[in-house]
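**Student:** Residue numbers (the working numbering): 1 to 159.
The beta carbon of each residue, even a glycine, is placed where N, CA and C say it ideally should be.
All values reported here derive from a predicted model rather than from experimental measurement.
Questions regarding the structure given below will be posed in turn.
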């Protein structure tokens, strides 16, 4: 039923966790009824939206965060400082590789922690470090950060 689908799609776009869109969900309509007076396209759209939101509350949804695959190349003498910085950014070091007087550090780091990294890396390595990053996967955002983000977004919406 197109109107119910539109209601569900709208609810998915506006989300239930801090207003972020819902992804990777399958919805199946099992039953419904029609009444000549009360059944309208808008009524079905609202019903679809309400049913989706109720189902999401019961499902206990979670927020996901993008994880980047990061490759950092630094001179040997800056290795410890750069690894410490990546760990401080909630990064997970995957390995090291020697590269003619330099070290390559491979890590997975949340995208949210990578803002300002180019400047920080230049400062830590006196301009001699370089890095690349590319999207890798998504993981569940830690509960403490989810709660902080949700309350921050709720405060902004109430202002």
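Straight-line CA distance for residue 87 to residue 60?
**Tutor:** The sequence position of residue 87 within the chain shown is 87, counting from 1. The sequence position of residue 60 within the chain shown is 60, counting from 1. Rounded to the nearest angstrom, the two C-alpha atoms are 30 Å apart.
**Student:** Do residue 72 and residue 126 have their C-beta atoms within less than 9 Å of each other?
**Tutor:** Within the chain shown, residue 72 is the residue found at index 72, counting from 1. Within the chain shown, residue 126 is the residue found at index 126, counting from 1. No, they are not a contact pair.
**Student:** Between which two residues does the beta strand (DSSP E) containing residue 99 stretch?
**Tutor:** Against the chain shown, residue 99 aligns to sequence position 99. It spans 92-99 - the beta strand (DSSP E) in which residue 99 sits, taken as one unbroken run.
**Student:** Exposed or buried, which one is residue 25 when buried takes at least 16 other CB atoms within 10 Å?
**Tutor:** Counting from one through the chain shown, the residue named residue 25 turns up at place 25. When all chains shown are included, residue 25 counts as exposed.
**Student:** I'd like the list of long-range same chain contacts for residue 42, defined as Cβ closer than 8 Å, with 5 residues on each side in sequence excluded.
**Tutor:** Position 42 of the chain shown, counted from the start, is the residue given in the question as residue 42. Answer for residue 42: 3, listed in chain order.
**Student:** Do residue 114 and residue 96 have their C-beta atoms within less than 9 Å of each other?
**Tutor:** Taking the chain shown and counting its residues from 1, one reaches residue 114 at position 114. Taking the chain shown and counting its residues from 1, one reaches residue 96 at position 96. Not a contact, by the Cβ cut-off of 9 Å.
**Student:** Which residues mark the beginning and the end of the alpha helix (DSSP H) in which residue 44 is found?
**Tutor:** If you number the chain shown from 1, residue 44 lands on position 44. It spans 41-59 - the alpha helix (DSSP H) in which residue 44 sits, taken as one unbroken run.
**Student:** State the Cα-Cα distance for the pair residue 44 and residue 153, rounded to the nearest angstrom.
**Tutor:** Here the question's residue 44 lines up with position 44 in the chain shown. Here the question's residue 153 lines up with position 153 in the chain shown. Looking at the two C-alpha atoms, the distance is approximately 29 Å.
**Student:** Tell me where the alpha helix (DSSP H) around residue 2 begins and ends.
**Tutor:** Numbered from 1 along the chain shown, position 2 holds the residue referred to as residue 2. Residue 2 -> alpha helix (DSSP H) spans 2-14.
**Student:** Determine the extent of the beta strand (DSSP E) in which residue 82 is found, giving its start and end residues.
**Tutor:** As a working mapping, residue 82 is identified with position 82 in the chain shown. Per DSSP, residue 82 belongs to no beta strand (DSSP E); it is in the alpha helix (DSSP H), 79-88.
**Student:** Would you say residue 124 and residue 110 are within 9 Å of each other, going by their C-beta atoms?
**Tutor:** Within the chain shown, residue 124 is the residue found at index 124, counting from 1. Within the chain shown, residue 110 is the residue found at index 110, counting from 1. No, the Cβ-Cβ distance between residue 124 and residue 110 is not below 9 Å.
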